[in-house]
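Colleague: So the sequence lines, in the order shown, correspond to chains B and V.
Counting in my numbering, the first sequence runs without a single skipped number right up to 293 at its last residue.
Counting in my numbering, the second sequence runs without a single skipped number right up to 281 at its last residue.
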Amino acid sequence: MKLLAAIGRSFLGLIAAIGRIAIFAGQTLGHIVRGPFYLRELAVSFLNIGWLSLPVVGLTSLFTGAALALQIYAGSARFNAEAVVPQIVAIGMVRELGPVLVGLMIAARVTSSIAAEIATMKVTEQIDALVTLSTHPMKYLTVPRVLAATIVVPLLVTVGDIIGIFGGYAVATGTLGFNPAAYIRNTLDFLELKDVVSSLAKGAIFGFIAALMGCYYGMNSGRGAQGVGNATKGSVEAAAVLILGANFVLTGVFFSL
Amino acid sequence: MIKLIGVTKSFGNNHILRGVDLTVDRGTSFVIIGGSGTGKSITIKSILGLVTPDAGKITVDGQDVTQTDRDAFLARFGMLFQGAALFDSLPVWQNVAFRLLRGSLKRPKDEARQIAIEKLRRVGLTSDVADRLPAELSGGMQKRVGLARAIAADPEIIFFDEPTTGLDPIMAGVINDLIREIVAEMGATAITITHDMTSVRAIADNVAMLHDGVIQWAGPVGDIDTSGDPFLDQFIHGREIGPIEAIR
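1) With residue 267 (chain B) and residue 151 (chain B) assumed to form a contact (beta carbons below 8 Å), what rounded beta-carbon distance in angstroms separates them?
2) Alpha carbons only, please: which of B:277, B:279, B:183 and B:249 is nearest the one belonging to residue 77 (chain B)?
3) How far does the beta strand (DSSP E) with residue 50 (chain B) in it reach, from first residue to last?
4) Applying the 10 Å Cβ sphere with the 16-neighbour rule, what's the burial state of residue 232 (chain V)?
5) Quick one: Cα of residue 166 (chain V) to Cα of residue 73 (chain V), how far?
6) In angstroms with no decimal places, state the Cα-to-Cα distance between residue 171 (chain B) and residue 103 (chain V).
7) Rounding to the nearest angstrom, what Cα-Cα distance links residue 75 (chain V) and residue 241 (chain V) in this structure?
8) Please state the DSSP three-state secondary structure of residue 244 (chain V).
9) Would you tell me roughly how many angstroms separate the C-alpha atoms of residue 40 (chain V) and residue 85 (chain V), rounded to the nearest one?
10) When you compare only the Cα positions, how much space is there between residue 77 (chain V) and residue 65 (chain V)?
11) Please tell me whether residue 271 (chain B) has its Cβ less than 8 Å away from any Cβ of chain V.
12) Given a threshold of 16 other Cβ atoms within 10 Å of its Cβ, counted over all protein chains shown, does residue 223 (chain B) qualify as buried or as exposed?
13) Taking residue 145 (chain B) as the reference, which of B:281, B:278 and B:272 has the closest Cα?
14) Check each candidate in V:198, V:181 and V:186 and name the one with the smallest Cα separation from residue 211 (chain V).
15) According to the neighbour-count rule (16 or more other Cβ atoms, all chains shown, within 10 Å of its Cβ), is residue 83 (chain B) buried or exposed?
16) Please classify residue 253 (chain V) as buried or exposed, where buried requires at least 16 other C-beta atoms within 10 Å of its C-beta.
17) Should residue 167 (chain B) and residue 83 (chain V) be called a contact, given that it needs their Cβ atoms to be closer than 8 Å?
18) Residues in the stretch 161 to 175 of chain B with C-beta within 7 Å of chain V's C-beta atoms, listed in sequence order?
19) Closer than 8 Å is the cut-off here; do at least three beta carbon pairs connect the stretch 186 to 193 of chain V with the stretch 109 to 118 of chain V?
20) On a CA-only basis, which of V:135, V:149, V:172 and V:229 is nearest residue 75 (chain B)? Give me that one, please.
21) By a C-beta neighbour count over all protein chains shown, 10 Å radius and 16 as the cutoff for buried, is residue 70 (chain B) buried or exposed?
22) Whose Cβ in chain B lies nearer than 7 Å to the Cβ of residue 81 (chain V)?
23) Excluding five sequence neighbours on each side, which residues of the same chain lie with their C-beta closer than 8 Å to the C-beta of residue 250 (chain B)?
24) Assign residue 203 (chain V) to one of two classes, buried (16 or more other C-beta atoms within 10 Å of its C-beta) or exposed (fewer than that).
25) Return no unless some Cβ of chain B is closer than 8 Å to the Cβ of residue 112 (chain V).
26) In the DSSP assignment, what residue or residues form a beta bridge with residue 253 (chain V)?
27) If we define contact as Cβ-Cβ less than 8 Å, is residue 131 (chain V) a contact residue for chain B?
28) Specify, as a first and last residue, the run of the beta strand (DSSP E) that residue 48 (chain V) falls within.
29) Spell out whether any CB of chain B is found under 8 Å from the CB atom of residue 107 (chain V).
30) Does the stretch 119 to 126 of chain V come close enough to the stretch 48 to 68 of chain V to have 3 or more Cβ pairs within less than 8 Å?
31) Runs of 4 residues minimum, wholly inside the stretch 191 to 268 of chain B: which ones carry the alpha helix (DSSP H) assignment?
32) I'd like to confirm something about residue 252 (chain V): is its beta-carbon nearer than 7 Å to some heavy atom of the ligand GTP, or not?
33) Residue 120 (chain V) versus chain B: which residues are under 7 Å apart at the beta carbon?
34) Note down, in chain order, every chain B residue with its Cβ under 8 Å from the Cβ of residue 135 (chain V).
35) Assess, as a yes-or-no matter, whether the stretch 120 to 136 of chain B is touched by the stretch 197 to 215 of chain B under the definition of 3 or more beta carbon pairs within less than 8 Å.
36) Helix, strand or coil for residue 171 (chain V), going by three-state DSSP, please let me know.
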């Protein structure tokens, strides 16, 4: 009986958490379409989320694309289909690995940073100070970060896709004996508009999720250093799980329905 | 005039405010004293709308605070937070001029900076701190910057939350004098919460003691030594023995 009660409590807690996040997301969207807008904060968020994430996104994509080419070559060699390497690297990076890896890197780098920053602001009464200075915390803190992430993460995904494909190209032409011109032609011929659109859409949604979770956990942080730590940890966990769940749903929407 | 009538606030089973009645006259300096965790901060946060009371009514100049235009209402207030609550990412002058750089009180950037530097000077800081970040300042300097921010838009009502906590006695004296001077010259209404009795005697026109969720005693600062209230006597003399439990 106690076990059932515990399961019930956990389930109800989960439903309540989903409800709170949904309300927070709705409020954020409401503030996005209504001013005032803090352009300086938006510009800083573009810089932090977009420009400063380029190194980690680029390196992650480069190594993943290169490893993918090696794996596909080794696997396809079992049935003499080595020629499919360019196509599979392209489709793998653009449809799945590019958006998911960039999303997870953003969750690790940006979500944690946003959650820790806002949670610290809450603990040190800076959020209360904003209110007393006639500034709505969601408009000043949440909207610029969520808006910037939603816009800039698709661009990061595009960069990641290109660098990932280049990683595969470099390995395939450098060590596996592929013809460079044929590799590029096969890549471009195989990719469809839907692949690119799905990649960009995933990037936008993953960016929204990543920034939203950072802001939500930061705004709802507990007290003290432990509260900040828990908010940071919780935000990254939630963002990563939601990104992977959303990826499954979006893949279904774009390619199975 | 600020008036609180029967204000209650609980967090779960923790009943912080159990019916606070308080009247603060316009242009006076009012100090709320009481032990840690007695709800002093919750009281002023309730006035500002940072905390929503469970019951009761709060009015400012006869107007219910829940029925006012929020921006116009908050524009009348300034607040010095306990830890100063300066924005880490902004230089000192932008912290001070925060309200003057955005919203309904927005001014041109140069003018806002000049006002910020003037307010910094008013609290005894030179213009060379204007471009420094809050983390580069000492605790006392941060408190002064917080004070400059609180008065930057010439508010009608100023709240000071533990203004001298964590400061050495000399710096605490400086802050007390600044608060007294600023309130007198601006003609503002001030509410200060503190448990520093030196501050109380330096700042207050009137004093209220909050204990067990209600106003235990209220009156002019000159009466606190002769109040005859055992709770107030124990508190102001810092006695372990008395009606207030030393272990809470």
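Backbone N, C-alpha and C fix where the C-beta goes; we use that ideal spot for every residue, glycine too.
Please read these numbers as outputs of a predicted model, since none were measured by experiment.
Modeller: Working from what's here:
1) In the first sequence, counting from the first residue as 1, residue 267 (chain B) sits at position 231. In the first sequence, counting from the first residue as 1, residue 151 (chain B) sits at position 115. With a Cβ gap of about 5 Å, residue 267 (chain B) and residue 151 (chain B) count as contacting.
2) One-based indexing of the first sequence puts residue 77 (chain B) at position 41. It is B:183.
3) Residue 50 (chain B) sits at position 14 when you count from the first residue of the first sequence. Counting along the chain, residue 50 (chain B) falls outside any beta strand (DSSP E), though it belongs to the alpha helix (DSSP H) covering 38 to 68.
4) In the second sequence, counting from the first residue as 1, residue 232 (chain V) sits at position 199. So residue 232 (chain V) counts as buried.
5) Translated into positions along the second sequence, residue 166 (chain V) becomes position 133. Translated into positions along the second sequence, residue 73 (chain V) becomes position 40. If you take the alpha carbons of residue 166 (chain V) and residue 73 (chain V), they lie about 30 Å apart.
6) Counting from 1 along the first sequence, the entry for residue 171 (chain B) is found at position 135. Counting from 1 along the second sequence, the entry for residue 103 (chain V) is found at position 70. Rounded to the nearest angstrom, the two C-alpha atoms are 10 Å apart.
7) Taking the second sequence and counting its residues from 1, the one referred to as residue 75 (chain V) is at position 42. Taking the second sequence and counting its residues from 1, the one referred to as residue 241 (chain V) is at position 208. Straight-line Cα distance between these residues: approximately 15 Å.
8) Here residue 244 (chain V) refers to the residue found at position 211 of the second sequence. Strand, per DSSP.
9) As a position in the second sequence, residue 40 (chain V) is number 7, starting the count at 1. As a position in the second sequence, residue 85 (chain V) is number 52, starting the count at 1. Their Cα atoms are separated by approximately 10 Å.
10) Translated into the one-based positions of the second sequence, residue 77 (chain V) becomes position 44. Translated into the one-based positions of the second sequence, residue 65 (chain V) becomes position 32. Looking at the two C-alpha atoms, the distance is approximately 10 Å.
11) Within the first sequence, the letter at position 235 stands for residue 271 (chain B). No, no contact with chain V.
12) Here residue 223 (chain B) refers to the residue found at position 187 of the first sequence. By the 10 Å Cβ count, residue 223 (chain B) comes out buried.
13) Translated into the one-based positions of the first sequence, residue 145 (chain B) becomes position 109. The option with the nearest alpha carbon to residue 145 (chain B) is B:272.
14) Here residue 211 (chain V) is taken as the residue at index 178 of the second sequence, counted from 1. Checking every option, the nearest Cα to that of residue 211 (chain V) belongs to V:181.
15) Looking up residue 83 (chain B) in the first sequence gives position 47. Exposed, by the Cβ-count rule.
16) For the purposes of this step, residue 253 (chain V) is identified with residue 220 of the second sequence, where counting begins at 1. Classification of residue 253 (chain V): exposed, given that the 10 Å Cβ count is below 16.
17) Taking the first sequence and counting its residues from 1, one reaches residue 167 (chain B) at position 131. Taking the second sequence and counting its residues from 1, one reaches residue 83 (chain V) at position 50. Cβ distance < 8 Å, so residue 167 (chain B) and residue 83 (chain V) count as in contact.
18) 161, 162, 164, 165, 167, 168, 169, 170 and 171
19) yes
20) Within the first sequence, residue 75 (chain B) is the residue found at index 39, counting from 1. Ranking the options by Cα distance to residue 75 (chain B), first place goes to V:135.
21) As a first step, residue 70 (chain B) is located in the first sequence; it is residue number 34 there, counting from the start. That one is exposed.
22) Here residue 81 (chain V) refers to the residue found at position 48 of the second sequence. Residues of chain B passing the Cβ test: 168.
23) Translated into the one-based positions of the first sequence, residue 250 (chain B) becomes position 214. Only 146, 147, 148, 149, 150, 151, 154, 181, 271 and 275 meet the Cβ criterion.
24) Reading the second sequence from its first residue, position 170 is the one you call residue 203 (chain V). Exposed, since its Cβ has fewer than 16 Cβ neighbours within 10 Å.
25) Within the second sequence, the letter at position 79 stands for residue 112 (chain V). Judged by the 8 Å Cβ criterion, residue 112 (chain V) is in contact with chain B.
26) Residue numbering aside, residue 253 (chain V) sits at position 220 when the second sequence is read from its first letter. V:239.
27) As a working note, residue 131 (chain V) is residue 98 in the second sequence. Closer than 8 Å: yes.
28) What you label residue 48 (chain V) is simply residue 15 of the second sequence in a count that begins at 1. Looking at the DSSP string, the run of the beta strand (DSSP E) that includes residue 48 (chain V) is 47 to 57.
29) Walking along the second sequence from the start, residue 107 (chain V) turns up at place 74. It does; some Cβ of chain B falls within 8 Å.
30) no
31) 216 to 226 and 229 to 255
32) Ligands are entirely absent from the displayed structure, and the ligand GTP is therefore not among its contents.
33) The residue labelled residue 120 (chain V) in the question sits at position 87 within the second sequence. Ordered by position in chain B, the residues that pass the 7 Å Cβ test against residue 120 (chain V) are 162.
34) Residue 135 (chain V) sits at position 102 when you count from the first residue of the second sequence. Ordered by position in chain B, the residues that pass the 8 Å Cβ test against residue 135 (chain V) are 72, 74 and 171.
35) yes
36) For the purposes of this step, residue 171 (chain V) is identified with residue 138 of the second sequence, where counting begins at 1. Residue state, collapsed to three classes: coil.
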